[in-house]
Every structure is written in structure tokens, then in C-alpha cells.
Amino acid sequence: MQHRIAVVGGDGIGPEVVAEALKVIEAAGAKVAVENFSLGAAHYLATGEVLEEETLAKLRGYDAILLGAIGPAIGSTDVPPGILERGLLLKLRFELDLYINERPFLTLDASSTTTRKQADFVVIRENTEGTYAGEGGFLRRDTPHEVATQGSVNTRMGVERAIRHAFEVASGRPRRHLTLVHKTNVLTYAGDLWARAFASVAKEFPAVATSYNHVDAACIYLVEDPGRYDVIVTDNLFGDILTDLAAAVTQGIGYAASGNLNPARTGPSMFEPVHGAAHDRAGTGGANPYAAIRSAAMMMRFLGEDEVASRVERAIGVLPPSGLDTRKIGDFYAERVS
Ligand code: IPM
Ligand code: MN
Numbered sequence: 003m004q005h006r007i008a009v010v011g012g013d014g015i016g017p018e019v020v021a022e023a024l025k026v027i028e029a030a031g032a033k034v035a036v037e038n039f040s041l042g043a044a045h046y047l048a049t050g051e052v053l054e055e056e057t058l059a060k061l062r063g064y065d066a067i068l069l070g071a072i073g074p075a076i077g078s079t080d081v082p083p084g085i086l087e088r089g090l091l092l093k094l095r096f097e098l099d100l101y102i103n104e105r106p107f108l109t110l111d112a113s114s115t116t117t118r119k120q121a122d123f124v125v126i127r128e129n130t131e132g133t134y135a136g137e138g139g140f141l142r143r144d145t146p147h148e149v150a151t152q153g154s155v156n157t158r159m160g161v162e163r164a165i166r167h168a169f170e171v172a173s174g175r176p177r178r179h180l181t182l183v184h185k186t187n188v189l190t191y192a193g194d195l196w197a198r199a200f201a202s203v204a205k206e207f208p209a210v211a212t213s214y215n216h217v218d219a220a221c222i223y224l225v226e227d228p229g230r231y232d233v234i235v236t237d238n239l240f241g242d243i244l245t246d247l248a249a250a251v252t253q254g255i256g257y258a259a260s261g262n263l264n265p266a267r268t269g270p271s272m273f274e275p276v277h278g279a280a281h282d283r284a285g286t287g288g289a290n291p292y293a294a295i296r297s298a299a300m301m302m303r304f305l306g307e308d309e310v311a312s313r314v315e316r317a318i319g320v321l322p323p324s325g326l327d328t329r330k331i332g333d334f335y336a337e338r339v340s
């Protein structure tokens, strides 16, 4: 079956890694009709537009979105912080109701550096609420008495659907274990809601074993013993921070894939590597397309193409030989899937 994919290469290394991802899934037999969308820092600087209403409306009509990376070069002052993050990436997550951010981590070779440890786990990050929701504001801005608040929004519905998805993911894995990560000892309102929702959804999944970690302790466990985790579910901001740490202790940020999912399928889901635009590597061949390739495999799995997805996942179960450039890494995996 052919799938219509909106491709947002974006900035820096984004277009390069996405090209390799498409090459690998097509070599694995994926039938995709691709349309490219120009969005990101370069598009904003050229047009003054972050995400036109018309573009958003068009994107809604695709089966999935594959995104490379969005963002200006580090140190550049052309694009103020938040413009692209809130106006594009978060806007897509919120508008398309991509309420799950699913991030799998797998150590391919723990011996490659001293910080890596053997692990194979998935973080389910709530993706539309928490401190990301945009609640808050300023009082008396730019005066000595200014106040800034940024509240955390936790709806029972939003929390519960994230937790239910996490239980479903855990049910399908051999270890069937799910850990809630929060800070219930201090965030006694939000944490309480999360803990109650977790306990009540757990009753629907008696085969899944559960535990709870405070987020600060989870940071220690992730560094010292990441192999203990099977599936983690957590809120938006904790999930953002924990997944960068998780990348660092498994195979590195160049290997971290993600799916921004709308499991209710009221619109397209969006797949993107966790890493950024890395402008310093753009055009040098120094970008690692692995995370984009794994994200594209997640996309095919979500589109129901289990055979293609499994073929790619098997192929990327090994590190590429060292010394290969971006395109050669793509070739290496494309050869292994075909
Ligand atoms: C991520 C990124 C984004 C986030 C930023 C770029 C808005 O860090 O996908 O993890 O904070 O979610
Ligand atoms: Mn992040």
C-alpha cells in the first residue's frame, strides 16, 4: 500500500539525514509518495512565516510527517528562542494532537565509550501538556518587581491517555514492565493526579508489572543501571530531560529516534530524530542518519507496515563500520535491508 508522506527536511543536517532515512525504508520495500515542505529557520528568515495556516491544513491531509531537524545555528541571533519551538514544532504537536512522544533507546555497543551501558527501553513522554502547554505570563515585565509564571497543565484525560498508551507498549514487550517517573513528593497536585491515574489504568493491565521512581532518582538509575528499565512513562518536561540523558547513556544522541504519535489517528503522526540541526556538520558528511532511519522505521510500523519496519529494525541492529560519511551509512543500511 502506498503512503503519502509529508517530508519536512528543515535546517542544518535535517534534509541530509531524512534523505538517507527515505533511501533505507524504500530499499526495505516501503511504498511512499513523498512531498517536501519548506519549514524551519531558513524558511522563517526568507519569508517571515513560521507555519502558514494553509501549510498546516495541507499537512493534516497526509498519512504521516517525517521531520529532519528545525533550528538556527547555535549562537545565531536571527531567530529568538521560542519562535520556531513554539510556532512550529510544538504547534504541530498540539494542533495534530500528537499526545504521545515515544522514544526508544537501545545500546548497540556498550564498549564504544565509558558512559554507555547495555539497555533497551522506551520512554513514553506526554506530549501536549505540562509546562509545555503555554500557561502563564508576566506581570510588571521589565520592572524590578516583575513576575513570571509558567504553570504545569495536567488534565485527567491527557495524563490517562499517555499512561494507557504506555501500558499498551509495555504489554507488547517481553519484560512487560512499566515505571512511572514523576516528583510526587513535591509536586503534590500534579504528581497526585498522575499517581492516581497510573494506579487506576494499571487495573486494566494485570500482566504488566509496575514501579515508581522520583525523577531525580531516575537520573541516577539511568546513569548507573539503565538496563533496569523496560518502559518509562512521564510528563512532558521530565520526558524531555530524561530522554536526552537516556540517549547519552545508551548509544548517543545520533541514535535517538522518536515518534510524535496520535494513537487515536485523528490526523497524521510525526516522526523525527531527537537531535537538532547541527549546522556545523551540515554538508560535511559528518551527520549520523541513524536516528532518522530508526524514526522512519517507527513511521512504517505505525502505518501498519510491520514487515518493512522489522526489516529496517533488524538491519539497524548493528553499528555501521566506523569512518563512513552520512551517505555511506545510508548505503550500508540500505544494502542490509534489501
Ligand atoms: C525535543 C526538543 C523540543 C522539546 C524543543 C526543540 C521544543 O528538545 O524534541 O526533545 O523540548 O520537546
Ligand atoms: Mn529535547
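First residue of the sequence shown? That's 3 in the working numbering, and the numbers climb one at a time after it. For glycine and all other residues, C-beta sits at the position ideal for the given N, C-alpha and C.
By the criterion of at least three beta-carbon pairs nearer than 8 Å, the region 170-186 is in contact with the region 224-233. Every residue with a CB closer than 6 Å to a heavy atom of the ligand MN is listed here in chain order: Asp242, Asp246. Rounded to whole angstroms, Val149 and Leu224 show a C-alpha spacing of 35 Å.
When secondary structure is reduced to three states using DSSP, Leu224 falls in the helix class. Sequence-distant partners of Asn290 (beyond 5 residues in either direction) whose C-beta falls short of 6 Å from its own C-beta, in its chain, are Gly256.
Note that the C-beta distance between His184 and Val217 is below 8 Å. Comparing C-alpha distances from Leu244 to each of Asp111, Thr49, Phe107, Val9 shows the shortest one belongs to Phe107.
The region 74-93 makes no contact with the region 22-37, as fewer than three CB pairs between them are under 8 Å.
Counting along the chain, Asn38 sits inside no alpha helix (DSSP H); it lies in the beta strand (DSSP E) bounded by residues 34-38. As a beta-bridge residue in DSSP terms, Tyr214 pairs with Leu182.
Considering only Arg6, Ala299, Thr190, the residue with the shortest C-alpha distance to Glu22 is Ala299. For Glu87, the CB falls within less than 7 Å of some heavy atom of the ligand IPM.
For Val320, no beta strand (DSSP E) segment is defined, and its DSSP state is neither H nor E. When C-beta atoms of the region 94-108 are compared with those of the region 268-285, three or more pairs fall below 8 Å, so the two segments count as touching. Taking C-beta separations shorter than 7 Å and ignoring five residues to either side along the sequence, the partners of Leu91 in its chain run Ile72, following chain order.
The continuous beta strand (DSSP E) containing Asn262 extends over residues 259-263. Scanning its chain for C-beta atoms nearer than 8 Å, with the 5 sequence neighbours on each side dropped, one finds around Ser173 the residues Phe207, Ala209, Val210, in chain order. Taking all protein chains shown into account, Val203 has 16 or more neighbouring C-beta atoms within 10 Å of its C-beta and is therefore buried. Shortest gap from the CB of Val276 to any heavy atom of the ligand IPM: under 7 Å. Look at the beta carbons and you see the region 110-123 touching the region 312-323: at least three pairs across the two are nearer than 8 Å. Here Thr328 is buried: its Cβ has 16 or more other Cβ atoms, across all protein chains shown, within 10 Å. In the structure shown, Arg175 falls within a coil segment according to DSSP collapsed to helix, strand and coil. A straight line joining the alpha-carbon of Ala192 with that of Gly278 spans about 30 Å. Lys205 has its alpha-carbon roughly 43 Å from the corresponding atom of Gly42.
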